[in-house]
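Novice: Per my numbering, residue 197 is the first one in the sequence shown, and the count goes up by one each step.
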Amino acid sequence: MTSTWTRTKQAISRVRLAGRAGPHPKLAFAYERLLRAELFNADQMASHGIDLATRHQLGAVNTRDFLLGRLDDNEALLKQSCSALTEAQASDRRITPAAEWLLDNFFLIEDHIRTARSHLPKGYSRELPRLSNGPSSGLPRVYDIALETISHGDGRFDELSLTRFVVSYQTVMPLALGELWAIPIMLRLALIENLRRVASRVMANWDDRNLADDWAERLIEVSEHDVKSVVLSVADMAHSSPPTTAAFAAEFARRLQGQSAALALPLNWIEQLLAETGSSIERQVQFDAQQQSADQMSISNSIASLRLLSATPWREFVEGMSHVEQTLQQDPAEVYPRMDFATRDSYRHVIERLARRSRHTEMFVAQTVVALSAEHRDALDGDDLARHIGFFLVGPGIGVLEQKLGARVPFHERWKRLLESSPLTFYLAPAGALTIIFALPLLSSAPRRTARSRPHRTGSALSGHDQSPGLQPHQLAGHLQPDARHAAEDGLRQRDSR
């Protein structure tokens, strides 16, 4: 009997799922191909990394952003699945162990879907190198790396295997900084993709079981009231072309075996139908049990991996995997290794930006800046600043590095640097311009002196006559250069003393 707490959880689930249902159309459940390949250990993953890198070919970067749309579809199907399973539990209908795992962990899955969407802004994946061949053609290369990681772990990944895999891959084809940072994002998307495929498979099984249950219920009811009509019901079932899946056959046999002799006819018919495909009811029952166990394992592994994603130290992982980071660690001034993470990360962002503007690889840019620092270690009259790579990445030497790389500098950035190089000039110039603008109307409205009075007044002042008020030192102070101003003030004081 269902406990009160279980019924309460089911009620909460129904309310939350109903409240979050979006405008996405209803999706059909199907037996999708799972991300399930041969299980590899860490050594095998290392070998697979080399093999995968040799097969990968890169193509155009700016193509349609598939991942966000797929994430929306995955979310819709997972919500639809859990909504149906919640209703089934509410009506005390039997669900598989894999379905129980999916339902019990739905809110964790939903939380990771939100995280994936926030970490994958629109257009982000278009900046990543994309594949031009293979099943993942048109998708980011790092997404295919994530799919391979999940496939060969049956929904599970561990840091050691992932590290060995990426290290081996980069011996053939190095990954860009943006790709390394995208690995946790792509792993999350791959795990959600795997959960979607398992959920679709679980629900397709659920539909087949429900169909088998409906036919079994109908045949049992007919056999109890009119045994002769069982033949007609079997004919109707044959005309409907029921699926020959393991889920249908197993559920149909479970319901009818051990019932009345009249129900042996539909069981024999199913047995003959399966024999045409080289199978039998017994084999299908065994295969169904194996499939349920495998689906449960895939879901439990994927859930555990989602939890592990949040606990993995990705900063250390990226810095340990980055060839650019390893190059910058060779800073001639030996300052870079002692910097904090945020500062190192800001330097790496500059490397990424310069690589895009110069169309060089990030490794080439990193090697160039280290080489420049090494060349200038004894230059600039012994100035130690040029020995540090930061002098060329975020300091006065950035122009030298850009010229060396042939990088294109946007106009707004050149203007910004000009402002930073002469801040006082750009502060005083507007102030002076505003002063002139406001002073011009005042000067133009002042009373004009006649040409005749001007020399008379000037002569009177210089001759010392009191025909007009005498000039005071402070009246000349603002109009003369310092030396001339002092001389004028001395002359005026001598005049006043006479």
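Cβ atoms here follow ideal geometry from the backbone N, Cα and C, with glycine treated the same way.
(1) Whole angstroms is fine: what's the gap from Q488's alpha carbon to L589's?
(2) Helix or strand or just coil, what does DSSP make of E306?
(3) Can we count F236 as close to the ligand FMN, meaning its CB is less than 8 Å from some heavy atom?
(4) Of the choices S437, P533 and R290, whose alpha-carbon is the least far from that of E447?
(5) Going by DSSP in three states, R511 sits in which element: helix, strand or coil?
(6) Please report the straight-line C-alpha distance between A562 and R552, rounded to a whole angstrom.
(7) Could you tell me if H652 is buried or exposed, where buried requires 16 or more neighbouring beta carbons within 10 angstroms of its beta carbon?
(8) Is it a yes or a no for the stretch 517-535 touching the stretch 392-411, going by three-plus beta-carbon pairs under 8 Å?
(9) Excluding the five sequence neighbours on either side, which residues of its own chain have a C-beta within less than 7 Å of the C-beta of T250, listed in chain order?
(10) Is L230 helix, strand or coil when you go by DSSP?
(11) Below 7 Å CB to CB, which residues in the same chain sit around L248 once its five sequence neighbours on both sides are set aside?
(12) In angstroms, rounded to a whole number, what distance separates the CA positions of T646 and I594?
(13) Along the chain, which unbroken stretches of the alpha helix (DSSP H) at least 4 residues long are found entirely within the stretch 403-440?
(14) I think R352 touches E228, with their Cβ atoms under 8 Å apart; what is that distance to the nearest whole Å?
(15) Sorted by chain position, which residues of the same chain lie with C-beta nearer than 7 Å to L335's C-beta, five sequence neighbours on each side aside?
(16) Pull up the distance between the alpha-carbon of V566 and that of I585, whole angstroms please.
(17) Would you report the Cα separation of W201 and S496, rounded to the nearest angstrom?
(18) Within 10 angstroms of the Cβ of A442, are there 16 or more other Cβ atoms? Answer buried if so, exposed if not.
(19) Return the chain-ordered ranges of every alpha helix (DSSP H) run that is complete within the stretch 446-506 and spans a minimum of 4 residues.
(20) Do the CB positions of L385 and Y339 come within less than 9 Å of each other?
(21) Can A312 and L267 be called in contact, C-beta distance under 9 Å?
(22) Whose C-beta lies closer than 8 Å to the C-beta of K318 among residues of the same chain, with five residues either side of it excluded?
(23) With P293 as the anchor, note down where its alpha helix (DSSP H) starts and where it stops.
(24) Express the C-alpha separation of D491 and L746 in angstroms, rounding to a whole number.
(25) Determine the extent of the alpha helix (DSSP H) in which Q285 is found, giving its start and end residues.
Specialist: Let me lay it out:
(1) Position 292 of the sequence shown, counting from 1, holds the residue named residue 488. Position 393 of the sequence shown, counting from 1, holds the residue named residue 589. Those two C-alpha atoms are separated by around 56 Å.
(2) Translated into the one-based positions of the sequence shown, residue 306 becomes position 110. The answer is helix: DSSP assigns E306 an H, G or I state.
(3) This structure does not include the ligand FMN; it has no bound ligands of any sort.
(4) Taking the first residue of the sequence shown as position 1, residue 447 is located at position 251. Taking only the C-alpha atoms, the option nearest E447 is R290.
(5) As a position in the sequence shown, residue 511 is number 315, starting the count at 1. Helix at R511.
(6) Numbered from 1 along the sequence shown, position 366 holds the residue referred to as residue 562. Numbered from 1 along the sequence shown, position 356 holds the residue referred to as residue 552. Their Cα atoms are separated by approximately 13 Å.
(7) Looking up residue 652 in the sequence shown gives position 456. Since pLDDT at H652 reaches only 44, below the 50 mark, its modelled position is unreliable, and the value read off the structure follows with that caveat. H652 comes out exposed.
(8) no
(9) On the sequence shown, residue 250 is found 54 positions in, with the first residue counted as 1. Counting only Cβ-Cβ distances below 7 Å, and skipping sequence neighbours, we find V368.
(10) The residue given as residue 230 occupies position 34 in the sequence shown. Here L230 sits in coil by DSSP.
(11) Within the sequence shown, numbered from 1, the residue matching residue 248 stands at position 52. Excluding residues within five positions, the ones whose Cβ falls inside 7 Å are E344 and Y365.
(12) Sequence index remark: in the sequence shown, residue 646 carries index 450 (1-based). Sequence index remark: in the sequence shown, residue 594 carries index 398 (1-based). Its pLDDT being 48, under 50, T646 is placed unreliably by the model, and the measurement read from it follows with that caveat. Cα to Cα, the separation comes out at about 60 Å.
(13) 426-435
(14) By one-based count along the sequence shown, residue 352 stands at place 156. By one-based count along the sequence shown, residue 228 stands at place 32. Rounded, the Cβ-Cβ distance is 19 Å, inconsistent with contact.
(15) Here the question's residue 335 lines up with position 139 in the sequence shown. Within the same chain, L335 has close Cβ partners F262, R326 and L327.
(16) The count along the sequence shown starts at 1 and reaches residue 566 at position 370. The count along the sequence shown starts at 1 and reaches residue 585 at position 389. When rounded, the distance between both Cα atoms is 6 Å.
(17) To locate residue 201, count along the sequence shown from 1; it is residue 5. To locate residue 496, count along the sequence shown from 1; it is residue 300. Confidence is the limiting factor: at W201 the pLDDT is only 42, short of 50, which leaves the residue's position unreliable and the question unanswerable from this model.
(18) Within the sequence shown, numbered from 1, the residue matching residue 442 stands at position 246. Burial call: buried.
(19) 460-471
(20) Taking the sequence shown and counting its residues from 1, one reaches residue 385 at position 189. Taking the sequence shown and counting its residues from 1, one reaches residue 339 at position 143. Contact: yes.
(21) As a first step, residue 312 must be located in the sequence shown, where it is residue number 116. As a first step, residue 267 must be located in the sequence shown, where it is residue number 71. Yes, the pair counts as a contact, with Cβ atoms nearer than the cut-off.
(22) Against the sequence shown, residue 318 aligns to sequence position 122. These residues qualify, in order along the chain: D261 and L264.
(23) In the sequence shown, residue 293 corresponds to position 97, counting from 1. That run of the alpha helix (DSSP H) goes P293 to D300.
(24) Residue 746 is absent from the model: the chain starts at 197 and stops at 694.
(25) Here residue 285 refers to the residue found at position 89 of the sequence shown. From DSSP, the alpha helix (DSSP H) with Q285 extends over F262 to A286.
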